[in-house]
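The opening position of the sequence shown corresponds to residue 1 in full-length UniProt numbering, with each subsequent residue numbered one higher. Beta carbons: idealized from backbone N, C-alpha and C, even for Gly. Here's the structure, in C-alpha cells; my notes come after.
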Amino acid sequence: MAVEEVLSDLKKKIEEKLPSGTTISSVEFEGPQLVVYTEEPKKFADNGNIVRNLAKALRTRIVVRPDPKVLMPPEESIDKILQTVPDESGVSNYHFDLDVGEVIIEAEKPGLVIGKHGETLREITKKIGWTPKVVRTPPIKSRTVQNIREFMRTNHKERKDILKSVGRKIHRGCTSKDEWVRVTSLGGAKEVGRSCFIISTPESRIMIDCGVNVGSDDNMTPYLYVPEAYPINQIDAVVLTHAHLDHQGLVPLLYKYGFEGPIYCTPPTRDLMALLQLDYIDVAAKEGKRPPYSSADVREGLKHTIVLDYEEVTDIAPDIKLTFHNAGHILGSAVSHFHIGDGLHNVVVTGDFKYEKTRLFDAAVNKFPRVESVIMESTYGNSNATQPSLQEAEKNLQNIVNSTLKNDGIVLIPAFAVGRSQEVMIVLEDAIRKGIIPNVPVYLDGMIWEATAIHATYPEYLNNDLRKLIFQKGQNPFLSECFKPVDSNELRQKIIEEPHPCVILSTSGMMNAGPVIEYFKAFAENENNTLVFVGYQADGTLGRRIQKGWKEIPLSTREGTHVVKMNMNVEVVDGFSGHSDRRQLMSYIQKMKPRPERVYTEHGDERSCIDLASSIHKKNKMETKALTNLETVRLV
C-alpha cells in the first residue's frame, strides 16, 4: 500500500474513533510519529484520553497539532501562559514555531509547567491553541545546549522536511514474504574501539553505533565499505547507544558520504555527541592531523537526529520497533531493544553498561517484554577482571585526598570529561559537605565543566537519589560552591604559579594531551603532591608509563623535549569504571528476564570476549559466541 493510501486509511480510522463533534483537518508522518492537525485543539486538550486511546488503537506515536489559523498571537499567548503556570516554575524563555504550531517553554522547574498528568499543558493549549513543549532551563549555562536548541529552531523548516521523508520511509509497508534476521560486525568485535554493527532483515538495515578508534591509525574506522553497509544511503537508520567517541565518533562521516537517514538516541546523547565530535575535530587540527569530517557534517547529523526518552516504543523501520532503556554507563547511555517483525525476533544490544547503582545512575535494565538474542559488551569479560566496590573506591579516594592535603599538597586527577569526572565530583562534594575531607577548591579544567553543564540540564536521567535531592530538596550537587571551573589560561597559570592545597580534575583522562599536562609539569617534582588515576590507562599513553613507574618523563614542548622528574605520589583508584566487571556481566545475563536463547559478546579484547562467551555458556547452558569483525550471523 502506498504511503498516501496509508495516511488516508489512518485519517478515516481516526475520524471513526473521535468523540462526536471533534474533527481533524489532515494527518502526516513526521519521523516515527503520526501528526494529526486540527482546528479544534481545545477539544483534544479538554479530553486527554483522546490521544492515548488513538495511540493504543493504532499502535503508533501520535502528536496533535493545531491548524495555524486557530493560533493566538505570540504576545497574547505569553500573557496567557504566565497567568496559567505557577510563578515558582521559573519560566525563562519562549520560542514559537508557526510551522508546527508549537511553543517551546524554557523553565527552571518543567514539572510545574507540565502539571499533574499534563493538566497545566492542556490548560495552556485550551487558552492559546499552540501545542506547548517544555524544556529545562540549564542551571549551569551550557554553550552546547544553547547552540543546539538555537540550531534546531533556526533549521526547523528543513528539519520538518527531513522528518516527513523519514516518516514515509518508516511507514512504507513491508513487501517481502521472507523472514530472516542477521547481524554483521563492522567494528568492535574482539576489540575495543570503532564499535559498529548492522541488523539486517529483508525490509531494512539498521546501523548500531559508528565509532572511531582514536588510539589507532591502522584500525581507526569500521568496515563501512562491505556489502552489508554499502551503499550508505540504503541504511534505514543509525541507533546510538551512547556518546563516547568509540561508539559515535564517525557518524558525521556517514553524511559526508551520502547517508540521509535518521539518527536515534536519547536527548543527553545528542548534546554530548555534538560536544565530543567538535572537540575531536579541534584536537585533530591541533595535532596536525586531517579530521575525517567537518563541523558542517556534525551539523548535518544534528538535523537528522531524533531523540527518544527511555521506555518509548518507536517504529524506526517498516518491520522494526526500538525501545531505549537505562544502561548506567554515562549520561543518556541506552540498552537498545529491537522488536523485529510481528513478534518474529527480539534483540537486545547492551552497548556499554554498568549493572550496579552508582553515584550518578541506576543499574542497567535487564527486564524486557521479550528477548531471544543479546549482543553484549565484554570490556571486563576476563575471568580475573573484578573491580572493588564503589564504597571501597570512594573511601580510598577520600583517604588519598586527606593524606595529601595534610601535607599541604595538591591532588591531580586526570579524568575523562564525560562520566568519570561527574562521578568523582559527586563523591568529592558529598565528602566536603559531610566534613570527611577539608573544604578546599575543586578545580575543573578542560571540557569537564561543559560536560557537567549538560548533566545538570538532564537530571531526569540521573539515579533516584540524585533526582530526589534535586527536585524535592532543591540541592543540586553540581552547583556546589566547592567547584571552580578553570575557564581561562590566566586562572590556570595562577593555580600553577600560586600553588595551594586543592583538588584538580583535568582532561585528558589518559594524559595524552590537554591541560592536565600543564599541571603535571608544574606539580610532578613535589613529593607532597599526588597523581590519582580513576580510569583505564591504555598502553602507549603517558598515564600508562607513569603507572609503570617511570621516574623521568620526557614531554614535548615548543622549545624541544623537556624531562620532568617524577617525585609526586601515584595512586590508582579502581572501582569508578562505567563498565560492568566480570561478576556483573555474568549476573546481568543470569538475572535477565525473560531468559535469552543466545548471547553474542563484543567490545573487549579477544581473550575477554571468548572467556565471557564460554563462561556464560557453561553457567547458563545457552548458545553463545564471541563475534568477529566482518562476520555475519543469522539470528532467524
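{"Asked": "Under 8 Å, do residue 108 and residue 133 count as touching if we go by C-beta distance?", "Found": "no"}
{"Asked": "Using the beta-carbon count (16 or more within 10 Å), is residue 175 buried or exposed?", "Found": "exposed"}
{"Asked": "How many Å lie between residue 356 and residue 383 at the Cα?", "Found": "18 Å"}
{"Asked": "Is the region 587-604 touching the region 425-444, taking contact as three or more C-beta pairs under 8 Å?", "Found": "no"}
{"Asked": "Are there 16 or more other CB atoms within 10 angstroms of the CB of residue 169, so buried, or fewer, so exposed?", "Found": "buried"}
{"Asked": "Determine the direct distance from the alpha carbon of residue 370 to that of residue 376, and round the result to whole angstroms.", "Found": "16 Å"}
{"Asked": "Can you name the start and end residues of the beta strand (DSSP E) that residue 506 belongs to?", "Found": "502-506"}
{"Asked": "Can you say whether residue 23 is buried or exposed, counting buried as having 16 or more other CB atoms within 10 angstroms of its CB?", "Found": "exposed"}
{"Asked": "Could you tell me which of 484, 362, 400 and 381 sits nearest to residue 532, measuring between CA atoms?", "Found": "400"}
{"Asked": "Sorted by chain position, which residues of the same chain lie with C-beta nearer than 6 Å to residue 588's C-beta, five sequence neighbours on each side aside?", "Found": "355 and 366"}
{"Asked": "Do residue 212 and residue 245 have their CB atoms nearer than 8 Å?", "Found": "yes"}
{"Asked": "Does DSSP classify residue 600 as helix, strand or coil?", "Found": "strand"}
{"Asked": "Would you mind working out which of 515, 470 and 467 sits nearest residue 490, comparing C-alpha positions?", "Found": "515"}
{"Asked": "Is it buried or exposed for residue 4, if we count other Cβ within 10 angstroms and need 16 for buried?", "Found": "exposed"}
{"Asked": "Take residue 480 and list the residues in its own chain whose beta-carbon comes closer than 6 Å to its own, dropping the five residues that flank it on each side.", "Found": "429"}
{"Asked": "On the DSSP letters alone, give me the boundaries of the alpha helix (DSSP H) that residue 586 sits inside.", "Found": "582-590"}
{"Asked": "What's the gap between the Cα of residue 649 and the Cα of residue 13?", "Found": "For residue 649 there is no data in the structure shown, the boundaries of the chain being 1 and 636."}
{"Asked": "Check residue 403 in the structure and name its three-state DSSP category.", "Found": "helix"}
{"Asked": "Candidates 469, 507, 39 and 571: which alpha carbon is nearest residue 486's?", "Found": "507"}
{"Asked": "Helix or strand or just coil, what does DSSP make of residue 489?", "Found": "helix"}
{"Asked": "Using 8 Å as the threshold, is the region 27-37 in touch with the region 51-69, meaning 3 or more CB pairs across them?", "Found": "yes"}
{"Asked": "What are the boundary residues of the alpha helix (DSSP H) that includes residue 267?", "Found": "267-286"}
{"Asked": "Quick check on this structure: which residue in 6, 7 and 47 has the alpha carbon closest to the alpha carbon of residue 18?", "Found": "47"}
{"Asked": "Let me confirm a value: residue 82 is counted as buried when at least 16 other C-beta atoms fall within 10 Å, else exposed. Which label applies?", "Found": "exposed"}
{"Asked": "Taking residue 340 and residue 320 to be in contact with their CB atoms under 8 Å, please state how far apart those CB atoms are, rounded to whole angstroms.", "Found": "5 Å"}
{"Asked": "Report, in whole angstroms, the separation of the C-beta atoms of residue 358 and residue 423, which I expect to be a contact under 8 Å.", "Found": "6 Å"}
{"Asked": "Indicate whether residue 73 and residue 125 have their beta-carbon atoms separated by less than 8 Å.", "Found": "no"}
{"Asked": "Residues in its own chain within less than 7 Å of residue 268 by CB, not counting five upstream and five downstream?", "Found": "331, 332, 454, 458 and 461"}
{"Asked": "Less than 8 Å between the C-beta atoms of residue 581 and residue 387, yes or no?", "Found": "yes"}
{"Asked": "Go through the region 407-435 residue by residue and report every complete run of the alpha helix (DSSP H) that reaches 4 residues or more, in order.", "Found": "420-433"}
{"Asked": "Per the contact definition of three or more C-beta pairs closer than 8 Å, is the region 213-227 in contact with the region 242-259?", "Found": "yes"}
{"Asked": "Suppose contacts are defined by Cβ-Cβ distances below 8 Å. Is residue 307 in contact with residue 241 by that definition?", "Found": "no"}
{"Asked": "Give the C-beta separation of residue 648 and residue 219 to the nearest angstrom, bearing in mind that I take them to be a contact with Cβ-Cβ under 8 Å.", "Found": "There is no way to answer for residue 648, as the model of the chain reaches only from 1 to 636."}
{"Asked": "Have a look at residue 583 and residue 608 and give me their C-alpha separation to the nearest angstrom.", "Found": "13 Å"}
{"Asked": "Taking the alpha carbon of residue 483 as the reference point, which residue from 196, 177, 449 and 116 has its own alpha carbon closest?", "Found": "449"}
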